[in-house]
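A.B. asks: According to this note's numbering, the residues represented by the first sequence are 922 to 1562, in order. Here you go, one structure.
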Amino acid sequence: MIKITLPDGSIREYNKGVTSHDIALSISEGLARNVLSAKVNGEVWDSNRPIFEDSVVQLLTWNDEDGKATFWHSSAHLLAEALETLYPGTKFGIGPAIDNGFYYDIDLGDREFGGDDLAQVEKKMLELARQKNVYVRSKISKQDAISYFEEKGDKYKVELIQDLDDGSITLYKQGNFTDLCRGPHIPHTGLIKAIKLLNVAGAYWRGDEKRKQLTRVYGVSFPKQKELTEHLERLEEAKKRDHRKLGKELDLFTFSEKVGMGLPLWLPKGTILRERLENFMRRAQIKAGYDPVVTPHIGSKELYVTSGHYEKYGADSFQPITTPHEGEEFLLKPMNCPHHCEIYKSRPRSYKEMPVRYAEFGAVYRYEQSGELHGLTRVRGFTQDDAHIFCRPDQVKEEFINVIDLVLYVFNALGFEDYTAQVSLRDPENRENYIGADELWDRAEREIQEAADERALKTVTELGEAAFYGPKLDFMVKDALGRSWQLGTIQVDYTLPERFELEYTGADNQKHRPVMIHRAPFGSMERFVAVLIEHCGGNFPLWLAPDQIAVLPISEKYEDYAQRVLMTLSEQDIRGLIDNRDEKIGRKIRDAEVQKVPYMLILGEKEQVNGEVSVRKHGSGDLGSLKLDAFIKQFREEIKI
RNA sequence: GCCGAGAUAGCUCAGGGGUAGAGCGCUUCCUUGGUAAGGAAGAGGUCGGGGGUUCAAAUCCCCUUCUUGGCUCCA
């Protein structure tokens, strides 16, 4: 007998060789039906794999992340089986479960694979699933595995096996399909009830762009049809929040082929939104002790040679601007730091005035690869809410905390709750890849971590993700489609102070080198607005809404009154518009609702006589009438941030 | 950049080798109204750009530009 410890702490005894499926069955039949795999001593196993020793077992179902992963991984095998059946000779790469489904990388030779084929494969998968084929695990020697896949002509599998240790190789077979696989898998294909193949894409074998490009087929599957339907509905819902769609519908920004790809044009309403955000940040920064500066959009090539950016990015970026003067070259600025370094250098500095903090909404230009461009989140010209802090080494931690506070203040004001902070440190194996003295790095890395802890940030630490010039802390936020974007960033830099020979005079009357901190709480205005649009689905907080109020006269008889109301609002810095079209009130309300205008003021006979406004709130309907003064008071109360 | 999908009226999209379609928007007229679409008429297109096949191309083929989903999830 062996002892099995379950998650609730209870210990049960079973015969040697018991499977997790047996264990589930001993608890309830329903549970046994739903068990997909099981975590045995921390490792995910097949539910029908026998257990021979005392173990800690956690049964995994669809409701566990690991259970879902098992389910999708098995679905990937099913996809492969369907592909092999339909297109014999297909060579297989890898087919893992991913965050939201699964994929399989395949080599179809010269065959083209497009949209119509997906439905065919999907049908075949369902057909195979209904056969309830069992996933069978078997151990095999390295040599046998190689001969098996060589015979089959699966060169990618052979390559994978070459890298594996003999004795650790397992195969999984379901129906007529055998795959090299570590497992685990669900008991049988019959559990897969609903399948949707989403799209095909190219993917380089082993992520290496020098190697062959395989066809990647993406799909998602579920144990119940209803869950698939819901999943597809969620995807639809997310599309409605896409900032590119809302940006067009709400007249916020546009792109023009003639201006150039990746170069956003801000429309009047988008500009109001953006300027409100900028002003919000300006005020917060002044409070936090920053000094605003302004620098030009170009700088001489020498500036970037000094900063090292030319060497690193020059060839892949916008090329230098030449002048009638032979040999004179300027670059569009890809970042603001070199300019700010020169401002710092404009006069001698004392330790007493540190830290020096220069802030600028700086427009920068970077030649992103065309395939990288995406709405406002990845563009070629954008404005950073940039600032550079020049401080003494002993001030790094305090400055970090100050910046974290600023970022948290911004996130809080805008209702961002779901974010994580990523602390990026050196790769401890390859310290020589980084510039700057070891003891400075050690200290800064420690202090960043301490600063994050002091503000109780939810952090993930990534080794090897630091920039070559210093460690950093990034704030990551998810968009409507679940993609993660980096917003706020704080980076320590040891390189630029060195390259620009920045100095300050210490208490000891000696020259010292300052530490530089780059930081941008929004990241860029473009990306931040994009994420904000998706975050609030276009329903901006009242203080940011491009049009805060739509004044809707019932008929043209009340237009004069509407004008007076608008004037009064405008005097109070409230942004509004009058809808004086020859339309019925229902129509005007509908259009204002669709445009997501936060408040509507409906004006007719009654209101005009009593000096009142009939208030309607976006999404909440009629709120009744009140005096204009009272409404304005209430409005200003709500807008306070 | 590479692989897939796409580009038709201002917007959303249908169509498809034989004179270009809808809804919304826009203009004009009627209507002067009470909390999510009042009615009628009209304007608007070299069907992204270039080349080819054909008696005939928006439609088929090639090239090109732009948009878009991927190319980081590891047997």
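Glycine included, each C-beta is placed from N, C-alpha and C at the ideal position.
My assumption, with CB atoms under 8 Å, is that residue 935 sits in contact with residue 948. Please give the rounded CB distance.
C.D. replies: As a first step, residue 935 must be located in the first sequence, where it is residue number 14. As a first step, residue 948 must be located in the first sequence, where it is residue number 27. Not really, about 12 Å apart at Cβ, beyond 8 Å.
A.B. asks: Suppose you measure from the CA of residue 1109 to the CA of residue 1056; what does that come to, to the nearest Å?
C.D. replies: Counting from one through the first sequence, the residue named residue 1109 turns up at place 188. Counting from one through the first sequence, the residue named residue 1056 turns up at place 135. Computed Cα separation, rounded: 6 Å.
A.B. asks: By Cβ distance below 6 Å, which residues in the same chain neighbour residue 1434 in space, the five residues on each side in sequence not counted?
C.D. replies: Residue 1434 sits at position 513 when you count from the first residue of the first sequence. Here the set comprises 1418.
A.B. asks: Would residue 866 be called buried (16 or more neighbouring beta carbons within 10 Å of its own) or exposed?
C.D. replies: Residue 866 lies beyond the stretch modelled for the chain, which goes from 922 to 1562, so this question has no answer here.
A.B. asks: What span of residues does the alpha helix (DSSP H) with residue 992 cover, start to end?
C.D. replies: Translated into positions along the first sequence, residue 992 becomes position 71. First-last of the alpha helix (DSSP H) with residue 992: 986–1007.
A.B. asks: Drop a sphere of 10 angstroms on the beta-carbon of residue 1389, count the other beta-carbons inside from all chains shown, and report buried for 16 or more, exposed for fewer.
C.D. replies: The sequence position of residue 1389 within the first sequence is 468, counting from 1. By the 10 Å Cβ count, residue 1389 comes out exposed.
A.B. asks: Given this structure, state the Cα-to-Cα distance separating residue 1190 from residue 1467, to the nearest angstrom.
C.D. replies: For the purposes of this step, residue 1190 is identified with residue 269 of the first sequence, where counting begins at 1. For the purposes of this step, residue 1467 is identified with residue 546 of the first sequence, where counting begins at 1. Cα to Cα, residue 1190 sits roughly 5 Å from residue 1467.
A.B. asks: DSSP on residue 1174, reduced to helix/strand/coil?
C.D. replies: Start at 1 with the first residue of the first sequence, and residue 1174 comes out as number 253. If DSSP states are grouped into helix, strand and coil, residue 1174 belongs with the strands.
A.B. asks: How big is the Cα-Cα spacing for residue 1303 and residue 1561?
C.D. replies: In the first sequence, the residue the question calls residue 1303 occupies position 382. In the first sequence, the residue the question calls residue 1561 occupies position 640. Straight-line Cα distance between these residues: approximately 29 Å.
A.B. asks: Taking only the alpha-carbon atoms, compute the straight-line gap between residue 1237 and residue 1246 and give it to the nearest angstrom.
C.D. replies: Counted from its first residue, the first sequence places residue 1237 at position 316. Counted from its first residue, the first sequence places residue 1246 at position 325. So the alpha carbons of these two residues sit roughly 25 Å apart.
A.B. asks: If you draw a straight line from the alpha carbon of residue 1536 to that of residue 1456, how long is it in whole angstroms?
C.D. replies: One-based indexing of the first sequence puts residue 1536 at position 615. One-based indexing of the first sequence puts residue 1456 at position 535. Taking the straight line joining both Cα atoms gives about 26 Å.
A.B. asks: So, using beta-carbon positions, are residue 956 and residue 976 closer together than 8 Å?
C.D. replies: The sequence position of residue 956 within the first sequence is 35, counting from 1. The sequence position of residue 976 within the first sequence is 55, counting from 1. The answer is no: Cβ separation not under 8 Å.
A.B. asks: Can you tell me which of the three DSSP states residue 969 falls into?
C.D. replies: As a first step, residue 969 must be located in the first sequence, where it is residue number 48. In the structure shown, residue 969 sits in coil (DSSP, three-state: anything other than H, G, I, E or B).
A.B. asks: May I ask you to list the residues that DSSP assigns as paired with residue 1245?
C.D. replies: Translated into positions along the first sequence, residue 1245 becomes position 324. Answer is none; residue 1245 lacks a bridge partner.
A.B. asks: Answer yes if the stretch 1120–1135 comes into contact with the stretch 1004–1011, meaning at least three C-beta pairs across the two stretches below 8 Å, and no otherwise.
C.D. replies: These segments do not touch.
A.B. asks: Measure the C-alpha to C-alpha separation of residue 952 and residue 1183 and round it to an integer number of angstroms.
C.D. replies: Start at 1 with the first residue of the first sequence, and residue 952 comes out as number 31. Start at 1 with the first residue of the first sequence, and residue 1183 comes out as number 262. Approximately 52 Å, taken between the alpha carbons.
A.B. asks: Mind pulling the beta strand (DSSP E) runs of 3 or more residues that sit fully within the stretch 1023–1075?
C.D. replies: The qualifying runs are 1057–1060.
A.B. asks: Check this for me: beta carbons of residue 1311 and residue 1398, under 8 Å apart or not?
C.D. replies: What you label residue 1311 is simply residue 390 of the first sequence in a count that begins at 1. What you label residue 1398 is simply residue 477 of the first sequence in a count that begins at 1. No; because the gap between Cβ atoms is not below 8 Å, this pair is not in contact.
A.B. asks: Can you tell me which of the three DSSP states residue 1146 falls into?
C.D. replies: For the purposes of this step, residue 1146 is taken as the residue at position 225 of the first sequence. Residue state, collapsed to three classes: helix.
A.B. asks: Opposite residue 1278 in the DSSP bridges: which residues?
C.D. replies: Translated into positions along the first sequence, residue 1278 becomes position 357. Bridge partners of residue 1278: 1310.
A.B. asks: Looking at residue 1118: is its Cβ nearer than 8 Å to the Cβ of residue 1140?
C.D. replies: Walking along the first sequence from the start, residue 1118 turns up at place 197. Walking along the first sequence from the start, residue 1140 turns up at place 219. Contact: yes.
A.B. asks: Closest to residue 1270 by CA distance: which of 1482, 1099, 1425, 1100 is it?
C.D. replies: The sequence position of residue 1270 within the first sequence is 349, counting from 1. Per the Cα distances, 1425.
A.B. asks: Ignore the nearest five residues each way along the sequence and tell me which others in residue 1099's own chain have a CB closer than 8 Å to its CB.
C.D. replies: Taking the first sequence and counting its residues from 1, one reaches residue 1099 at position 178. For residue 1099, where only same-chain residues beyond five positions count, the Cβ hits under 8 Å are 1069, 1092, 1093.
A.B. asks: Quick check: what's the CA-CA separation for residue 1506 versus residue 1513?
C.D. replies: In the first sequence, the residue the question calls residue 1506 occupies position 585. In the first sequence, the residue the question calls residue 1513 occupies position 592. Whole-angstrom Cα-Cα distance: 11 Å.
A.B. asks: Could you check which residue in 1025, 1176, 1231, 1050 has the C-alpha nearest to that of residue 1135?
C.D. replies: Residue numbering aside, residue 1135 sits at position 214 when the first sequence is read from its first letter. Among 1025, 1176, 1231, 1050, the Cα nearest to that of residue 1135 is on 1025.
A.B. asks: Taking just the CA atoms, how far does residue 1420 sit from residue 1275?
C.D. replies: Indexing the first sequence from 1 puts residue 1275 at position 354. Indexing the first sequence from 1 puts residue 1420 at position 499. Distance between the alpha carbons of residue 1275 and residue 1420 is about 20 Å.
A.B. asks: Output the distance between the C-alpha atoms of residue 1164 and residue 1492, rounded to the nearest integer angstrom.
C.D. replies: Against the first sequence, residue 1164 aligns to sequence position 243. Against the first sequence, residue 1492 aligns to sequence position 571. Taking the straight line joining both Cα atoms gives about 32 Å.
A.B. asks: Round the Cβ separation of residue 1342 and residue 1365 to the nearest angstrom and send it over; I've been treating them as touching at under 8 Å.
C.D. replies: Here the question's residue 1342 lines up with position 421 in the first sequence. Here the question's residue 1365 lines up with position 444 in the first sequence. The Cβ separation is near 16 Å, so there is no contact.
A.B. asks: What residue range does the alpha helix (DSSP H) around residue 1464 cover?
C.D. replies: Taking the first residue of the first sequence as 1, we reach residue 1464 at position 543. Counting along the chain, residue 1464 falls outside any alpha helix (DSSP H), and DSSP gives it neither H nor E.
A.B. asks: Output needed for residue 1213: all residues of its chain with C-beta closer than 6 Å, excluding positions within five of it in sequence on either side, in chain order.
C.D. replies: Walking along the first sequence from the start, residue 1213 turns up at place 292. Closer than 6 Å at the Cβ level, and outside the excluded window around residue 1213, lie 1280.
A.B. asks: Roughly how many angstroms lie between the CA atoms of residue 1154 and residue 1043, to the nearest whole one?
C.D. replies: On the first sequence, position 233 is the one that residue 1154 refers to. On the first sequence, position 122 is the one that residue 1043 refers to. Approximately 19 Å, taken between the alpha carbons.
A.B. asks: Near residue 1157, which residues of its chain fall below 7 Å by C-beta distance, leaving aside the five closest residues on each side in sequence?
C.D. replies: Taking the first sequence and counting its residues from 1, one reaches residue 1157 at position 236. Excluding sequence neighbours, residue 1157 sits near nothing in its chain.
A.B. asks: Is the beta carbon of residue 1046 sitting closer than 8 Å to the one on residue 972?
C.D. replies: As a working note, residue 1046 is residue 125 in the first sequence. As a working note, residue 972 is residue 51 in the first sequence. No, these two residues do not count as a Cβ contact at 8 Å.
A.B. asks: Could you tell me the distance, in whole angstroms, from the CA atom of residue 1259 to the CA atom of residue 1534?
C.D. replies: As a first step, residue 1259 must be located in the first sequence, where it is residue number 338. As a first step, residue 1534 must be located in the first sequence, where it is residue number 613. Looking at the two C-alpha atoms, the distance is approximately 54 Å.
A.B. asks: Identify which residue in 1209, 995, 1288, 1244 has its Cα closest to the Cα of residue 1181.
C.D. replies: Mapped onto the first sequence, residue 1181 falls at position 260. Of the candidates 1209, 995, 1288, 1244, the one whose C-alpha sits nearest the C-alpha of residue 1181 is 1288.
A.B. asks: Closest by CA to residue 1356, which one among 1178, 1392, 1473?
C.D. replies: Position 435 of the first sequence, counted from the first residue, corresponds to residue 1356. Looking at the Cα atoms, 1392 is the closest of the given residues.
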